[in-house]
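Residue numbers (our numbering), protein chains in the order written: chain A, 69 to 506; chain B, -17 to 306.
Ideal Cβ positions, reconstructed from N, Cα and C, are used throughout, including at glycine.
For reference, the structure discussed in these notes is given below.
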């Protein structure tokens, strides 16, 4: 159950048409996110990390976005193939987002409570237990035929489960078909069937949502606010966004995201605009909620300190590609890609660094209008080999969870050591770990 | 130490803003009723040595940005005295302020809010040169702008672009180039690297250090990212609610913090070590300790000089307890 794959991205390629030509924003990305895990996506601005998450959410502008290939698979459905109107059926119930600037994602003219309510009424359907718990705590709800609701809710869930079972069995059967054309045709047919079912299902869900009494919604809003650690949730529900501090606003945005009960929470630099002390609190909150509610987190950031704090798995992105992906420990203790070395070396360390110049990665990321031949990082990489300028490195496997795209890992490559400052840092960390472990 | 070793001396700086008194409820009362003072900066003193980098840290609302703006005369101080380069600049007229910006420049927090969206990069960076060095020709200015762009890691082809065509990080570098254009002696950098990528931060910080050596620049570096502040600063001041709580050399602040607020700030810095991050505990800070009982002299806060370079703002009782 905990290892259910929530989202799978396969060899995704995205171009943007601009006046100057085709910008190759995403150039073949593979990513897999499982329930109960926090995956961090690290990269500098322009590396494509924001484009990647927007493509997951279907937020890219239709007019100039071109999907050149690859798939984004949610619940066995390739969401790039379905109609725009159906997005909400697949993605809406799956993922919620938190942005960098909480003020721009909140509406200034509505109270906090009504904004949480709006999100909730779109996606949340209380279960029998939730209604009963509510009645136990606050007394019986008048004028609500709960038995009828429970029956309808049960039917709704049952129909969903029945269909899913049939759908999965059919998918499995189709996979065994050898004829490629026939297989693809059947897949498309099957997905179309599912979309039709989901569309009908949406109507039922709306009807059910209309029966749910308002009082339950009020309580649920308070619950959500309580969940994100707000001291006086009743009073908070009546506040407007401008009355709150940045950290509080970010908590509200998290509450809105959670009101939809997502399976995947996408956080786009949620703490970059906050103070360190508040940042620490918000990270703590995300980790706590994640372990309580067991959703998957895709956390986008450029701060490796934050990554070290929060990540289970890390993917490093450069020029529209993932260049290294590893578990958090592997990335920080055994980094393999020169770009990762560079990132690690450019962070000052409180215990170690004196006043010598910080290591920097010279130059700027390549212009993705005309990505260079070979490895995109080669021009800035002082460990670059001749082959880097000719051929693109594949992902070399280091361990089951650790992959890196650099020719340095090829068996023919000369042995190269990581920069000294990084090696010293890691040695120091390992030493400290040993000390703390004993 | 002779006074002219200090490029900037700030003495008891006070910056109050009047806001409607919170008891007033109606709009009429809010607009025309009695005002009360919001003490954004409340009696802060510090000196900045020529050629050093002075770091100011603190959470949002602590008054650190206000100090920067008071120094460069975006605000007129409510009280106190500011001396820059041996000259009293507490009260300046319009012309005086104009002259001041030839020696003192500021890099702002939000790059998009601090440039005119209708101007090209060439105009943005060249504006200061045009005003302060009117004898320069258009070609000379353009040459200078290109040189500055390259210094901050941008390219010549960026020169004709407009602000909306840049990412936040790139535009911030335009802001830095603009501040360098008039060759100032003193630069106030207000959170100016928080919006940049890590690798670019390192480039910009190295650049700032290099420029500091080349031109004997002095920086007032305002930030909340303590790891970078420690790295770049010689002296660090910790602000909280308009007061300068602790002032010491960078190493002293990190190795030997006295004030609990400084300790809590330090404990919130994320380290790039996942195993360490999982085990460490954070120190939380209770702001209510600042409700001092002013009737009791032992509980009244004042500035305590612990050593030549280390100063703490607290009451006698607290100091005794913290340094036990």
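For residue 167/A, not one C-beta of chain B is nearer than 8 Å to its own C-beta. In the structure shown, the three-state DSSP call for residue 306/B is coil.
Nearest C-alpha to residue 333/A among 482/A, 321/A, 341/A, 343/A: 321/A. Within the stretch 348 to 375 of chain A, contact with chain B at the beta-carbon level (separation under 9 Å) is assigned to 348, 349, 351, 352, 370, 371, 372, 373, 374, 375.
Going by beta carbons, residue 457/A and residue 446/A fall inside the 8 Å limit. Where residue 209/B is concerned, there is no enclosing beta strand (DSSP E), although the alpha helix (DSSP H) around it starts and stops at 208 to 214. Unbroken beta strand (DSSP E) runs of no fewer than 3 residues, entirely contained in the stretch 208 to 261 of chain B, are found at 217 to 222, 225 to 231, following chain order. Membership of residue 314/A in the alpha helix (DSSP H) is indicated by the continuous run 314 to 327.
In this chain, the beta strand (DSSP E) harbouring residue 86/A covers 73 to 86. Residues of chain B with a Cβ closer than 7 Å to the Cβ of residue 492/A do not exist; the shortest Cβ-Cβ separation is about 13 Å. Residue 46/B has a beta carbon lying at 8 Å or more from every beta carbon in chain A. Residue state for residue 436/A is assigned as coil, using DSSP reduced to three classes.
In terms of Cβ geometry, residue 342/A and residue 354/A do not form a close pair [threshold 8 Å]. The Cβ neighbour count for residue 146/B, taken over all protein chains shown within 10 Å, is under 16; the residue is labelled exposed. Burial check for residue 136/B: the Cβ neighbour count within 10 Å reaches 16 or more, so the residue is buried.
In this chain, the alpha helix (DSSP H) harbouring residue 206/A covers 196 to 206.
Residues of chain B with a Cβ closer than 8 Å to the Cβ of residue 112/A are, in chain order, 151, 179, 180, 181, 182.
Out of 183/A, 213/A, 492/A, the CA that lies nearest to the CA of residue 196/A is found in 213/A. Burial state of residue 503/A is exposed, judged by a 10 Å Cβ sphere holding fewer than 16 other Cβ atoms. Cβ-Cβ separation between residue 110/A and residue 384/A: approximately 5 Å, consistent with a contact (criterion under 8 Å). According to DSSP, residue 304/A shares a beta bridge with no other residue. Counting only the Cα atoms, residue -4/B lies some 5 Å from residue 61/B. Closest by C-alpha distance to residue 306/A, out of 290/A, 137/A, 412/A, is 290/A. Look at residue 427/A here: in three-state DSSP terms it is coil, with no helix or strand label.
Your pair residue 228/A and residue 269/A checks out as a contact, with CB atoms roughly 7 Å apart and the cut at 8 Å. Partner residues in the beta bridge of residue 36/B, as assigned by DSSP, are 202/B, 217/B.
The Cβ-Cβ distance between residue 372/A and residue 493/A does not fall below 8 Å.
Distance from the CA atom of residue 475/A to the CA atom of residue 487/A, rounded to whole angstroms, is 17 Å.
Within its own chain, the residues whose Cβ lies closer than 6 Å to the Cβ of residue 444/A, once the five positions on either side in sequence are excluded, are 387, 434, listed in chain order. Looking from the CA of residue 260/A, the closest CA among 211/A, 151/A, 190/A, 302/A belongs to 151/A. With a beta-carbon spacing of about 7 Å, residue 171/B and residue 204/B fall inside the 8 Å limit used to define contacts.
Secondary structure within the stretch 336 to 392 of chain A: the beta strand (DSSP E) runs of 3 or more consecutive residues, fully enclosed, are 364 to 369, 381 to 386 (chain order). In this structure, residue 414/A lies near residue 181/B, with their beta-carbon atoms less than 8 Å apart. A residue is called buried once 16 or more other Cβ atoms fall within 10 Å of its Cβ, and residue 87/A, having fewer, is exposed. When only Cα atoms are considered, residue 216/B and residue 240/B end up about 18 Å apart.
Listed along chain B is no residue with a C-beta nearer than 8 Å to that of residue 201/A; the closest approach is about 32 Å.
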